[in-house]
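Asker: Take a look at this one; I'll ask things after.
Residue numbers (the UniProt record's numbering), protein chains in the order written: chain A, 1 to 460; chain B, 1 to 460.
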C-alpha cells in the first residue's frame with residue numbers, strides 16, 4: 001500500500017495541470033459528459049481546480065461550473081484570481097455560497113466577500129445565520145487592506161493560570177476552534193494578550209506545567225487598522241507564524257496567520273512590479289482586449305504628454321539642429337543614458353523604501369552615495385561617448401559638448417532618481433506609482449536641453 | 001503586572017529603532033561606554049539588533065560588534081543583510097561561531113555558512129563536533145538555491161501505527177527535535193513519507209487514536225534539488241506551513257518551513273524588480289560608491305551600445321532631417337511611446353511567467369490579446385499624435401507619417417514585449433534579466449526607422 005501511495009505522491013509533485021489533462025477536461029465538457037468531468041475533477045486539490053478555472057476561456061469556465069454545481073468545493077473559490085472569482089460566484093446559488101461561507105474560517109469568508117459589489121454581498125449575507133453574518137459584517141467594516149480584513153476571528157485563548165493538561169482537554173472538547181492553528185494566545189481577564197505559546201511547546205510540556213511558565217511574553221501585536229503591507233513586514237522581520245490582532249482597547253480580536261501573509265507579500269511585489277512597468281490598474285492574464293487596452297491607455301497618455309514636452313524642448317533649438325544635423329543624430333544617446341541611470345537609482349530607492357531598508361536613518365548616506373555614483377559614471381560615460389562622438393563626426397568640440405551634457409544628465413538622473421521616490425513616500429503616495437514617469441521626463445528634458453543648449457553656445 | 005506588560009508590548013508594536021534610540025547607541029559607542037551599550041541592546045529582539053547593525057556605518061558596526069563580543073546572540077547573524085553578515089562574521093571568533101552553529105537548526109546554520117568563502121567555511125567547520133560538521137557539509141553540497149539548502153534536517157517522523165499518546169510521549173522525551181515545528185511526518189519502514197499530521201490535530205485527538213487515522217495523505221513532497229523559487233510557488237499555491245523534502249530514493253531527508261519561504265518570496269520579488277530596473281548585480285543600500293558605480297556600469301554600457309545603434313539608424317537619414325528639422329523634433333515621441341508600450345507588455349509577461357499565471361496553456365491567447373491591444377492603442381495614439389504633429393507644423397502629411405510610424409512601433413512593441421520574455425524563459429534564462437534592453441532597443445530602432453523612413457519616402 002505504501003508503495004502505491006508514494007508513487008501517487010511522486011506524480012503529484014509535478015504539475016498536475018498538463019496540457020493533455022486540460023484537453024481531456026475540455027473535451028469532456030464539449031461532449032457534455034458530466035460523469036467524465038466529475039471523475040477528472042474529483043481527485044484534484046482545490047488549488048489545482050482553481051488554477052484550471054483560471055486558465056480556461058470564459059465559456060469553458062461557465063460550462064465547468066454549471067456542470068459541477070454545488071459539488072464545487074468552497075475552498076476552490078478562495079484560490080481563484082479575483083476577476084475569475086467574481087465570475088464564478090455570479091454563476092453559483094447565493095444560498096449555497098452562504099452555507100459554504102458559514103462553514104469557512106472567517107478570514108477566508110471575508111476574502112471571498114470583500115470584492116463583491118454591495119448587492120452581491122447582501123444577497124449572500126442575508127442567507128447566513130445571524131451571528132456569522134454579524135461577524136462578517138463587522139469584519140467588512142475594517143478598512144480595505146487592513147489587518148482587520150486579513151485576520152481570522154476564531155482562535156484559542158486561555159488564561160495564564162491554566163495548566164497544559166487543562167489546555168489540551170479544552171482543545172479536545174471546544175467546538176468553535178479555528179480549522180488550523182499553530183499557537184495559543186494567553187490573555188488577561190480583560191482579554192488583552194499577554195503572551196503566546198506555540199503548540200509544539202504545549203505538546204512537549206508535562207500536563208501539570210502552568211501556561212504562564214511556558215509562554216513567550218515577547219509578542220508582536222498588530223492593531224486591527226494596520227496596513228497589510230506593514231503586517232507582512234512584521235511577519236517577515238520576526239519570522240512569525242501567527243500574530244495576535246488587537247482593537248483600540250488592546251483587546252484580542254483575531255489572529256493573522258502566515259499563509260495569508262505569503263499571499264500578501266507576493267501580491268504587493270506584483271503590484272510594485274506592475275506599477276513600475278507602467279501598468280496602473282490591476283490586470284490578469286485572462287482580461288479582455290478592450291479592458292486591457294483601456295487600462296494601459298491612461299499611462300501611455302501621460303507618457304505622450306511628457307514626450308511632447310521633450311519635443312517642445314527640442315523645438316527650441318530647431319535652428320541649431322538645422323545648422324548641424326549631427327546633433328539630431330546624437331541627442332537621443334544623452335536622454336537614453338540619463339533615463340537608464342535614473343531608473344537604476346529609482347528602482348533601488350523604490351524597493352528599499354518598500355522593504356524599509358531605506359528610511360530616515362540612512363537616507364542622507366544613500367543620497368550622497370547615489371550622487372557620487374552619478375558623478376563617477378557620468379564622467380566615465382562622458383569620456384566614452386565624447387570620444388565616440390568626436391571621432392564619428394570628426395569634430396572634437398562636438399565630443400566635448402556631448403560629454404558635458406552626459407555628466408549633467410547623469411547627475412540629474414541620480415538626484416531625481418532619489419528625490420522623486422522619497423518625496424512621494426513622504427506624501428504617503430506609493431513611490432512605485434509615479435516615480436518612473438517623473439524621472440524619465442526629467443532626464444529627457446534635461447538631456448535634450450543640456451546637449452542642444454551647450455551646442456548652441458559652444459558650437460554655433 | 002499585566003497592565004505594564006501590555007503597555008510594554010504596545011510600545012513594541014511601533015518600530016523600536018527610532019532615530020533617538022540609534023543616536024543613544026552611537027553616542028554610547030563613541031564614549032566607549034560598554035555598560036550603557038549593553039543595557040540598550042539587552043532588551044532588543046534579534047531582528048531589531050540586526051536592523052540596527054544593517055543601518056550603521058562600517059566603523060560604528062565594528063565598534064558595536066567588538067563591544068558585544070560573544071554576547072551577540074547567534075540569531076542576530078541570520079537576520080543580517082548578506083554583505084553586513086560577512087563583515088560581522090569576520091569580526092567574531094571562529095570558535096564562538098562554530099559553537100553557535102552547532103546549537104542552531106541546520107537550515108539557519110547552512111544559511112550563515114553558504115555565503116562565506118571556502119576558507120571561512122573551513123575555519124568554522126573544523127571547530128564543530130564531527131556529526132554536526134558532516135551534516136552541514138552534506139547540506140552545502142546541494143546546489144545553491146535548492147530545497148536541500150533551504151531545508152532543516154531535524155524533524156519529527158513517526159510510523160503510522162503509533163497512537164497519539166505514544167507520539168506525544170515521544171515528543172516530550174526526544175532530544176534531537178527541531179526548535180520549532182508545526183507538523184509531524186508519517187513514514188513507512190523505508191523512511192518514505194506517507195502522510196502528515198498537523199500538531200493541532202494531534203492535540204485535539206484522544207490518546208488512543210491511531211496516527212494513520214488522522215493523517216493527511218494528500219501531501220506536497222519536494223525533491224531535494226528543486227529550485228527554491230519553485231518551492232515557494234508550491235507553498236503559496238497550497239497554503240503550506242511546512243513540507244517534506246525527499247531524496248532521489250523518495251526518502252524523507254528534511255523539512256522546509258514557511259518562515260524561510262516568506263524570505264524567498266520577498267527576495268525573488270526584489271530580484272525581479274532589480275533586474276527589470278537595470279540593476280544586474282545584487283546591491284544593498286549600504287554598499288560603497290565604488291562597488292555601486294561598478295555594478296551599475298555594465299548595464300549602462302550595454303545601453304550605450306544600443307543607444308549608439310539607434311543613433312546610427314538616425315544617421316542614415318541625416319539628409320532627410322537636414323531638409324525638414326521637424327522630423328528631429330518629433331522622432332523621440334514615436335520611440336518613447338513604443339518603449340513604454342513594450343515595457344507594459346513585457347512587465348506583465350515577465351511577472352506572469354514568474355508566478356506561472358502565464359504558461360504553455362494560455363500563451364497563445366495572451367499573445368493574441370497583447371497584439372490586439374497594441375493595434376487598438378496604436379491606432380488611438382496615431383490619431384492623437386498625428387493630429388498634434390500635423391497642426392504643430394502645419395503639415396497634414398507629416399501628421400500622417402507620424403501616425404503611421406506610431407502604429408508600426410506600437411505593434412512591434414507588443415510583439416517584442418511578448419516574444420522576448422517568452423523566448424528567454426524557453427531558454428531557461430530569467431526573463432527579468434534582459435527583456436527590457438531587447439525590447440527598448442527594438443522600439444527605438446524601429447521607431448526611428450519607421451518614422452524617418454516613411455518621411456523620406458512620403459515627404460521628400
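Here a beta-carbon is modelled for each residue, glycine too, at the ideal position from N, C-alpha and C.
By the three-class DSSP mapping on this structure, what secondary structure does residue 206(B) have?
Answerer: If you number the second chain from 1, residue 206(B) lands on position 206. DSSP places residue 206(B) in coil when its eight states are reduced to three.
Asker: At the 8 Å Cβ level, is residue 381(A) part of the contact set with chain B, yes or no?
Answerer: By 1-based counting over the first chain, the position of residue 381(A) is 381. At least one chain B Cβ lies under 8 Å of residue 381(A).
Asker: Taking only beta-carbon positions, decide if residue 263(A) is within less than 8 Å of chain B.
Answerer: Start at 1 with the first residue of the first chain, and residue 263(A) comes out as number 263. Chain B, which has a Cβ nearer than 8 Å to the Cβ of residue 263(A), makes this yes.
Asker: Can a CB atom of chain A be found closer than 8 Å to the CB of residue 258(B)?
Answerer: Position 258 of the second chain, counting from 1, holds the residue named residue 258(B). So, interface residue.
Asker: Counting only Cβ-Cβ distances shorter than 9 Å, please list the residues of the region 232 to 257 of chain A near chain B, keeping chain order.
Answerer: Cβ contacts with chain B come from 232, 234, 235, 236, 237, 238, 239, 240, 241, 246, 250, 257.
Asker: So, is the C-beta of residue 191(A) closer than 8 Å to a C-beta in chain B?
Answerer: Reading the first chain from its first residue, position 191 is the one you call residue 191(A). With 8 Å as the cut-off, residue 191(A) does not count as an interface residue toward chain B.
Asker: Would you say residue 142(A) lies against chain B (beta-carbon separation less than 8 Å)?
Answerer: On the first chain, residue 142(A) is found 142 positions in, with the first residue counted as 1. Not closer than 8 Å to any Cβ of chain B, the Cβ of residue 142(A) fails to qualify, so no.
Asker: Establish whether the CB of residue 341(B) and some CB of chain A are separated by less than 8 Å.
Answerer: Residue 341(B) sits at position 341 when you count from the first residue of the second chain. So yes, residue 341(B) belongs to the interface.
Asker: Apply the 10 Å Cβ neighbour rule to residue 215(B) and answer buried if 16 or more other Cβ atoms are within range, or exposed otherwise.
Answerer: The count along the second chain starts at 1 and reaches residue 215(B) at position 215. Residue 215(B) comes out buried.
Asker: With a 10 Å radius around its C-beta and 16 neighbouring C-beta atoms as the bar for buried, classify residue 226(A) as buried or exposed.
Answerer: Counting from 1 along the first chain, the entry for residue 226(A) is found at position 226. That one is buried.
Asker: Determine which residues share a DSSP beta bridge with residue 112(A) and list them.
Answerer: Here residue 112(A) is taken as the residue at index 112 of the first chain, counted from 1. The partner list for residue 112(A) (beta bridge, DSSP) is empty, contrary to what the question assumes.
Asker: Using a Cβ-Cβ distance cut-off of 8 Å, determine whether residue 39(A) contacts chain B.
Answerer: Looking up residue 39(A) in the first chain gives position 39. No, its Cβ sits nowhere closer than 8 Å to a Cβ of chain B.
Asker: Can you give the Cα-Cα distance for residue 45(B) and residue 53(B), rounded to whole angstroms?
Answerer: In the second chain, counting from the first residue as 1, residue 45(B) sits at position 45. In the second chain, counting from the first residue as 1, residue 53(B) sits at position 53. Computed Cα separation, rounded: 13 Å.
Asker: Kindly give me the distance between the Cβ atoms of residue 367(B) and residue 300(A), rounded to whole angstroms, as I take these residues to be in contact under 8 Å.
Answerer: The residue labelled residue 367(B) in the question sits at position 367 within the second chain. The residue labelled residue 300(A) in the question sits at position 300 within the first chain. Not confirmed; about 20 Å, so no contact.
Asker: Output needed in chain order: residues of the region 274 to 288 of chain A with a Cβ under 8 Å from some Cβ in chain B.
Answerer: Against chain B - using a Cβ distance shorter than 8 Å - the residues of the region 274 to 288 of chain A are 274, 276, 277, 278, 279, 283, 284, 285, 286, 287, 288.
Asker: Which chain B residues are close to residue 209(A), counting only those with a beta carbon under 8 Å from its beta carbon?
Answerer: In the first chain, counting from the first residue as 1, residue 209(A) sits at position 209. In chain order: nothing, as chain B lies at least about 10 Å away.
Asker: Is it the case that the region 420 to 438 of chain B contacts the region 343 to 354 of chain B, given that we only count it when at least three CB pairs across the two stretches are under 8 Å?
Answerer: These segments touch.
Asker: Please classify residue 167(B): does DSSP put it in a helix, a strand, or coil?
Answerer: For the purposes of this step, residue 167(B) is identified with residue 167 of the second chain, where counting begins at 1. Here residue 167(B) sits in helix by DSSP.
Asker: Which term fits residue 377(A), buried or exposed, when burial requires 16 or more other beta carbons within 10 angstroms of its beta carbon?
Answerer: Here the question's residue 377(A) lines up with position 377 in the first chain. The residue in question, residue 377(A), is buried, as its Cβ has 16 or more Cβ neighbours within 10 Å.
Asker: When the Cα of residue 266(A) is compared with those of 229(A), 194(A), 330(A), 419(A), which residue comes out closest?
Answerer: The residue labelled residue 266(A) in the question sits at position 266 within the first chain. Minimum Cα distance to residue 266(A) is reached at 229(A).
Asker: Name the residues in the region 164 to 186 of chain A whose C-beta lies less than 8 Å from a C-beta of chain B; which are they?
Answerer: Within the region 164 to 186 of chain A, the residues whose Cβ lies closer than 8 Å to some Cβ of chain B are 168, 171, 172, 177, 180, 181, 182, listed in chain order.
Asker: For the beta strand (DSSP E) holding residue 242(A), just list the boundary residues, first then last.
Answerer: Along the first chain, read from residue 1 onward, the residue named residue 242(A) stands at position 242. First-last of the beta strand (DSSP E) with residue 242(A): 242 to 246.
Asker: With distances taken between CB atoms, is the gap from residue 311(B) to residue 330(A) smaller than 8 Å?
Answerer: One-based indexing of the second chain puts residue 311(B) at position 311. One-based indexing of the first chain puts residue 330(A) at position 330. The answer is yes: Cβ separation under 8 Å.
Asker: Output yes if chain B places a C-beta closer than 8 Å to the C-beta of residue 464(A); else output no.
Answerer: For chain A, the structure presents residues 1 to 460; residue 464(A) sits outside this window and is missing.
Asker: So, are the CB atoms of residue 182(A) and residue 198(A) less than 8 Å apart?
Answerer: Locating residue 182(A) in the first chain gives position 182, counting from the first residue. Locating residue 198(A) in the first chain gives position 198, counting from the first residue. Yes. Within cutoff.
Asker: With 8 Å as the threshold, decide whether the Cβ of residue 200(A) is near any Cβ in chain B.
Answerer: To locate residue 200(A), count along the first chain from 1; it is residue 200. True, the Cβ-Cβ gap to chain B drops below 8 Å.
Asker: Identify, in the order they occur along the chain, each residue of the same chain with its Cβ nearer than 6 Å to the Cβ of residue 65(A), setting aside the five sequence neighbours on each side.
Answerer: Here residue 65(A) is taken as the residue at index 65 of the first chain, counted from 1. Contacts found: 88, 91.
Asker: Can you tell me which of 272(B), 185(B), 365(B), 30(B) puts its alpha carbon nearest to the alpha carbon of residue 60(B)?
Answerer: Walking along the second chain from the start, residue 60(B) turns up at place 60. Of the listed residues, the one whose Cα sits closest to residue 60(B) is 30(B).
Asker: Which same chain residues, not among the five before or five after residue 446(B), have their C-beta less than 6 Å away from its C-beta?
Answerer: Sequence index remark: in the second chain, residue 446(B) carries index 446 (1-based). Closer than 6 Å at Cβ, skipping near neighbours: 409, 412.
Asker: Using only the alpha-carbon positions, how far apart do residue 374(A) and residue 418(A) sit?
Answerer: Taking the first residue of the first chain as position 1, residue 374(A) is located at position 374. Taking the first residue of the first chain as position 1, residue 418(A) is located at position 418. Distance between the alpha carbons of residue 374(A) and residue 418(A): 11 Å.
Asker: Mind pulling the chain B residues with CB within less than 8 Å of residue 152(A)?
Answerer: Here the question's residue 152(A) lines up with position 152 in the first chain. Per Cβ cutoff of 8 Å: no residues; residue 152(A) is ~13 Å from chain B at best.
Asker: Work out the CA separation of residue 347(A) and residue 415(A) for me, nearest whole Å.
Answerer: As a position in the first chain, residue 415(A) is number 415, starting the count at 1. As a position in the first chain, residue 347(A) is number 347, starting the count at 1. Going from the Cα of residue 415(A) to the Cα of residue 347(A) covers about 13 Å.
Asker: Would you please verify whether the beta carbon of residue 390(B) is less than 8 Å from any beta carbon of chain A?
Answerer: Locating residue 390(B) in the second chain gives position 390, counting from the first residue. So, not an interface residue.
Asker: By the DSSP assignment, the alpha helix (DSSP H) with residue 141(B) in it spans what residues?
Answerer: In the second chain, residue 141(B) corresponds to position 141, counting from 1. 130 to 141 is the extent of the alpha helix (DSSP H) around residue 141(B).
Asker: Among 121(A), 284(A), 206(A), which residue has its Cα nearest to the Cα of residue 362(B)?
Answerer: Residue mapping note: residue 362(B) aligns to position 362 of the second chain, counting from 1. If we check each option's Cα against that of residue 362(B), 284(A) comes out closest.
Asker: Would you grab the beta carbon distance between residue 100(A) and residue 128(A) for me? Rounded to a whole angstrom, and I think it's under 8 Å.
Answerer: Translated into the one-based positions of the first chain, residue 100(A) becomes position 100. Translated into the one-based positions of the first chain, residue 128(A) becomes position 128. About 10 Å separates the two Cβ atoms, so there is no contact after all.
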